[in-house]
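See structure below.
Residue numbers (my numbering): 48 to 421.
Right, here's the structure in full:
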């Protein structure tokens, strides 16, 4: 939902000054705080409904934003609004993750607000941000309370959720004044969706055990990981487990009994990550992926699992898998589960279309993926 207004931006300088006298005591001045409020702002405003159905009225285009996680940062940059990013969290700080040193190089001198689940509010408030671009499993309620006196609004769009991201892309493009970039990104999403719909028509879903970056920790309905399995034509063997509707991705992770995994006998095992390695643009050495796969299949009793017997065990680097709200991950799953049906689908071409607006060189998708036995 969009409503356009012709009024000038709401004037909140007085409230911000009153609050900031105590909140920002001792924080060095950036020359940015309050500056946009002190000057006339003749931008038009629009009202959108974010992912949670919250109506948010904003001046457009947004000039300054804090995206609260790597995925959020990627989406802002991918639509062509990267220069509006005035603060990042630790996952988008190139000094914190060597694997993303080149990928996020442009943010090397941007303030880092720290941990995305408990950010440094002073850093965000003093960055000049107009918007806190949040996930639904972020501390967005705290952000509303703490940042409102500075005129910083909260917009909730979970960039890790494929369906939510696609539905909200028109709104994201509108508020950043980047409609063309958002349309291009939506087209990439839709092109992948078309492939999945056409190639997976009539398949009998293969049973998948998904392991999320820790032994025997799986993902269940409500998480983007679960969605990739379903969108990719699979059936999550733990899809029957429901853990409420709190809106937090963290509660959609579930530790399972390894014996139950054996009993449910998946056709395919998909494992996210390698112990001790941070995901990123810089791919891992293939021996690390191979070692992780071997470690998984060497677990006691796992030689009885069909996926192990058929060597349908996969390990991935999350950099590729989570691209475009995990829509690329869904395509990866489909190619793994139904290689004959998607044999001529060029994963590299779709991955390159994602990396181009990120401003980095395309890389082979195979650099981030591994199948047991090569």
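Ideal Cβ positions, reconstructed from N, Cα and C, are used throughout, including at glycine. As the structure is a prediction and not an experimental result, all values here were calculated from the model.
Starting from residue i, follow the alpha helix (DSSP H) in both directions and report where the run begins and ends.
i: residue 481; result: The structure shown does not extend to residue 481, since the chain is modelled only from 48 through 421, so no value can be given for it.
i: residue 299; result: Where residue 299 is concerned, there is no enclosing alpha helix (DSSP H), given that its DSSP letter is neither H nor E.
i: residue 220; result: 209 to 223
Could you name the residues of the same chain whose beta carbon sits closer than 7 Å to that of residue i, not counting the 5 residues immediately before and after it, in chain order?
i: residue 275; result: 373, 376, 377, 380
Suppose you measure from the CA of residue i to the CA of residue j; what does that come to, to the nearest Å?
i: residue 216; j: residue 100; result: 15 Å
i: residue 333; j: residue 364; result: 10 Å
i: residue 261; j: residue 413; result: 22 Å
i: residue 200; j: residue 191; result: 7 Å
i: residue 74; j: residue 419; result: Only weak support is given to the placement of residue 74: the predicted model assigns it a pLDDT of 42, under 50, and the question is left unresolved by the model.
i: residue 410; j: residue 396; result: 10 Å
i: residue 232; j: residue 125; result: 7 Å
i: residue 306; j: residue 263; result: 10 Å
i: residue 186; j: residue 139; result: 18 Å
i: residue 313; j: residue 323; result: 26 Å
i: residue 235; j: residue 350; result: 39 Å
i: residue 421; j: residue 213; result: 34 Å
Sorted by chain position, which residues of the same chain lie with C-beta nearer than 6 Å to residue i's C-beta, five sequence neighbours on each side aside?
i: residue 77; result: Interpretation of residue 77 is limited by its pLDDT of 40, a score under 50 that renders its predicted location unreliable; the figure taken from the coordinates is listed afterwards. So the qualifying residues of the chain are 173.
i: residue 202; result: 97, 103, 178, 180
i: residue 155; result: 141
i: residue 362; result: 318, 336, 339, 340, 417
i: residue 383; result: 361
Tell me which same chain residues have a C-beta within less than 8 Å of the C-beta of residue i, skipping the five on either side of it?
i: residue 338; result: 321
i: residue 282; result: 252, 253, 254, 255, 276
i: residue 135; result: 113, 114, 120, 151, 154, 157, 158, 159, 160
i: residue 133; result: 79, 111, 112, 113, 157, 158, 174, 175, 176
Using beta carbons (cut-off 7 Å, strictly below), is residue i in contact with chain B?
i: residue 111; result: This model lacks chain B altogether, as it is built from one protein chain only.
On the premise that residue j lies in contact with residue i, defined as a C-beta separation below 8 Å, what is that separation, rounded to the nearest angstrom?
i: residue 266; j: residue 299; result: 6 Å
i: residue 289; j: residue 268; result: 6 Å
i: residue 343; j: residue 221; result: Between residue 221 and residue 343 the Cβ distance is about 44 Å, and since that is not below 8 Å, they are no contact.
i: residue 225; j: residue 118; result: Going by Cβ atoms, the distance from residue 225 to residue 118 rounds to 17 Å, so no, they are not a contact pair.
i: residue 242; j: residue 392; result: 6 Å
i: residue 286; j: residue 404; result: Contact doesn't hold; Cβ gap of about 33 Å is too wide.
Which residue's Cα is closest to the Cα of residue i: the options?
i: residue 329; options: 115, 92, 144, 370; result: 144
i: residue 247; options: 280, 324, 316, 141; result: 280
i: residue 169; options: 120, 113, 147, 240; result: 113
i: residue 368; options: 408, 415, 148; result: 415
i: residue 163; options: 343, 189, 383; result: 189
i: residue 402; options: 127, 93, 88; result: 127
i: residue 184; options: 391, 171, 175, 208; result: 208
i: residue 244; options: 278, 235, 263; result: 278
i: residue 159; options: 153, 167, 198; result: 167
i: residue 354; options: 153, 308, 129, 406; result: 308
i: residue 257; options: 249, 273, 242, 250; result: 273
i: residue 326; options: 250, 230, 370; result: 370
i: residue 116; options: 149, 161, 92; result: 161
i: residue 356; options: 316, 146, 121; result: 316
i: residue 406; options: 92, 240, 386, 123; result: 123
i: residue 146; options: 389, 366, 399; result: 366
Which residues bound the beta strand (DSSP E) around residue i?
i: residue 196; result: Counting along the chain, residue 196 falls outside any beta strand (DSSP E), and DSSP gives it neither H nor E.
i: residue 254; result: 253 to 259
i: residue 281; result: 281 to 283
State yes or no: is the C-beta of residue i nearer than 6 Å to some heavy atom of the ligand FMN?
i: residue 408; result: The model on display carries no ligand, and the ligand FMN is accordingly not part of it.
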